[in-house]
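So the mapping is simple: my numbering equals the position in the sequence shown, first residue as 1, plus 2. Quick reminder that beta carbons are idealized off the backbone N, C-alpha and C, glycines included. What follows is a short report on a single structure.
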Amino acid sequence: MNIHTIDQNFRDQSQSIAAFIVESSEGPILFECGPHSTMPTTHEGIEAAGFKVSDIKHVFLTHIHFDHAGAAWWYAKHNGAKVYVHPRGYKHMLNPERLYGSAKRIYGDMMDVLWGRMEAIDETLLVSVEDGQHFQIGNIEIKALHTPGHAVHHIAWQMGDQIIAGDVAGCKIGTGIVVPPCPPPDINIEDWENSIQILRDAQPKSLWLTHYGEVTNIDEHLDRLTWILHDWAGFIKPYFEKGASIEATTPDFLEYVNQQLLDGGVPKEDLPRYEAANPSFMSVAGLMRYWTKKMEKKA
Ligand SMILES: [Zn+2]
């Protein structure tokens with residue numbers, strides 16, 4: 003199977019956000035599509051890989067975060083492409099106002115620069131995908147693995163021994179270490195661990211991370227992801243317990259994570275790539291929210 007990684011060069015950082023093309027006997031299949039803001043770069047990448055943008059008739063989304071799904075509507079609108087999404091992401095792709103609005107509350111005036119536009123996808127082109135559902139496109143068989151933890155609307159897409167893993171297998175750039183992207187509002191460590199087991203049980207030879215690219219040392223990678231997921235949640239817990247704000251916690255967290263990355267062999271010049279792919283204030287917000295929900299449940 004031929005899988006091509008398309009670099010979106012998000013915020014002028016290479017290897018920060020990927021889209022993937024899988025070649026099929028019915029033409030190229032797009033997995034992930036990045037935000038609308040980087041679409042020209044994505045299209046250059048698609049053409050450089052030897053495909054025509056107009057031939058993309060299927061877009062498989064791992065989840066509906068903007069860096070993964072922001073441009074999906076464009077392929078539906080211009081190519082009549084079908085867009086495949088988790089049932090819990092479906093209504094947001096059908097009617098993106100609420101999703102866009104909640105992102106706008108976080109990003110404000112940066113919304114256009116970072117993510118660009120998001121338009122509704124026609125319901126005749128939007129496919130709500132159940133766990134374990136199979137699709138046959140030409141010679142390629144695709145199976146959906148519902149994999150919550152990073153987001154409740156997350157799907158890893160399995161094709162034989164290859165898995166397009168989105169964010170559930172973490173973020174690992176270049177020769178660096180793996181870290182968990184932890185944005186609000188859905189982070190759930192226990193669900194994430196279950197999903198990591200789902201990935202293991204599928205026995206893939208390769209995991210393809212949106213941030214960024216192919217991973218083949220699966221067990222070691224997933225062990226390390228599990229460890230650091232707990233490590234980050236544990237780092238945030240005392241800040242949560244003393245009621246610290248996201249703003250007050252972020253500098254300490256950023257310093258902690260940067261040291262972790264440097265100690266893990268990430269070259270200093272790659273730190274902005276990690277921050278572009280996985281902003282530290284988002285992980286602080288997401289892990290604070292995780293602890294809040296967990297404590298509410300206990301009480
Ligand atoms: Zn995400």
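If distances are taken between C-alpha atoms only, which option among the options comes closest to residue i?
i, options, result
"Gly-168", "Pro-182, Asp-225, Ser-104", "Pro-182"
"Gly-176", "Glu-298, Asp-188, Gly-215", "Gly-215"
"Lys-54", "Thr-44, Arg-13, Leu-63", "Thr-44"
"Asn-97", "His-80, Arg-107, Asp-124, Trp-76", "Asp-124"
"Leu-211", "Gly-36, Ser-27, Ser-26, Glu-25", "Gly-36"
"Val-170", "Ile-179, Gly-162, Asp-163, Ile-157", "Ile-157"
"Glu-34", "Ala-21, Glu-46, Asn-190", "Ala-21"
"Ile-66", "Leu-264, Arg-90, Gly-82, Arg-226", "Arg-90"
"Glu-46", "Phe-68, Gly-236, Ile-23, His-60", "Ile-23"
"Ser-314", "Ser-197, Asp-203, Met-3, His-94", "Here the chain covers residues 3 to 301 and nothing more, so residue 314 does not appear."
"Glu-192", "Asn-280, Phe-242, Thr-228, Leu-209", "Thr-228"
"Phe-12", "Val-286, Ala-279, Ala-122", "Ala-279"
"Ser-285", "Thr-252, Arg-100, Thr-294", "Thr-252"
"Lys-296", "Asp-163, Arg-275, Tyr-109, Phe-242", "Phe-242"
"Ser-282", "Ile-58, Asp-254, Lys-79", "Asp-254"
"Trp-76", "Leu-263, Gly-110, Met-112, Leu-128", "Leu-128"
"Ser-197", "Asp-9, Gln-205, Pro-150", "Pro-150"
"Gly-245", "Leu-231, Trp-293, Gln-261", "Trp-293"
"Asn-81", "Ile-58, Asp-69, Ile-230, Arg-226", "Ile-58"
"Phe-137", "Trp-194, Asp-114, Ile-31", "Ile-31"
"Gln-164", "Asp-133, Arg-202, Pro-186", "Arg-202"
"Ile-19", "Lys-299, Arg-291, Glu-277", "Glu-277"
"Ile-248", "Met-290, Thr-126, Asp-69, Ala-204", "Met-290"
"Gln-15", "Phe-68, Leu-147, Glu-271", "Glu-271"
"Asp-69", "Gln-17, Gly-266, Lys-300", "Gln-17"
"Arg-226", "Lys-239, Gly-266, Gln-261", "Gly-266"
"Ala-122", "Glu-99, Lys-300, Ala-146, Ala-250", "Glu-99"
"Lys-79", "Tyr-92, Ile-48, Leu-256, Ser-56", "Ser-56"
Which of the three DSSP states is assigned to residue i in this structure?
i, result
"Phe-237", "helix"
"Lys-145", "strand"
"Gln-164", "strand"
"Val-115", "helix"
"Ile-123", "coil"
"Ala-105", "helix"
Roughly how far, in whole angstroms, is the beta-carbon of residue i from the beta-carbon of residue j, given that I think they are within contact range, below 8 Å?
i, j, result
"Val-154", "Tyr-86", "At roughly 17 Å, the Cβ-Cβ gap does not stay under 8 Å, so Val-154 and Tyr-86 are not in contact."
"Gly-288", "Cys-173", "13 Å between Cβ atoms; not a contact."
"Ala-71", "His-6", "Not a contact, Cβ separation roughly 19 Å."
"Val-268", "Gly-140", "About 39 Å separates the two Cβ atoms, so there is no contact after all."
"Ala-74", "His-60", "Not a contact, Cβ separation roughly 11 Å."
"Trp-159", "Phe-62", "5 Å"
"His-38", "Gly-118", "3 Å"
"Val-259", "His-223", "About 18 Å separates the two Cβ atoms, so there is no contact after all."
"Ile-189", "Met-161", "Incorrect: roughly 27 Å between the Cβ atoms, too far for contact."
"Leu-209", "Ile-220", "6 Å"
"His-148", "His-88", "7 Å"
Does the beta-carbon of residue i, which I'm using as the reference point, lie nearer than 7 Å to any heavy atom of ligand 2?
i, result
"Lys-145", "As presented, the structure is devoid of ligand 2, carrying ligand 1 as its sole ligands."
Taking Cβ positions only, does residue i come closer than 8 Å to chain D?
i, result
"Lys-106", "Checking the listed chains, one finds no chain D in this structure; it contains a single protein chain."
What are the uninterrupted segments assigned as beta strand (DSSP E) that are 3 or more residues long and contained completely in the segment 241-287, given in chain order? For the beta strand (DSSP E) assignment, the segment 241-287 encloses no uninterrupted run of at least 3 residues.
List, from N- to C-terminal side, the alpha helix (DSSP H) runs of 4 residues or more that fit wholly inside the segment 12-93. DSSP runs (the alpha helix (DSSP H)) wholly in the segment 12-93: 41-50, 68-71, 74-81.
Check each residue's C-beta against every heavy atom of ligand 1 and list, in chain order, those closer than 5 Å. This selection yields His-67, Asp-169.
In chain order, which beta strand (DSSP E) runs of at least 3 residues are fully inside the segment 165-234? Runs found: 208-211, 215-217.
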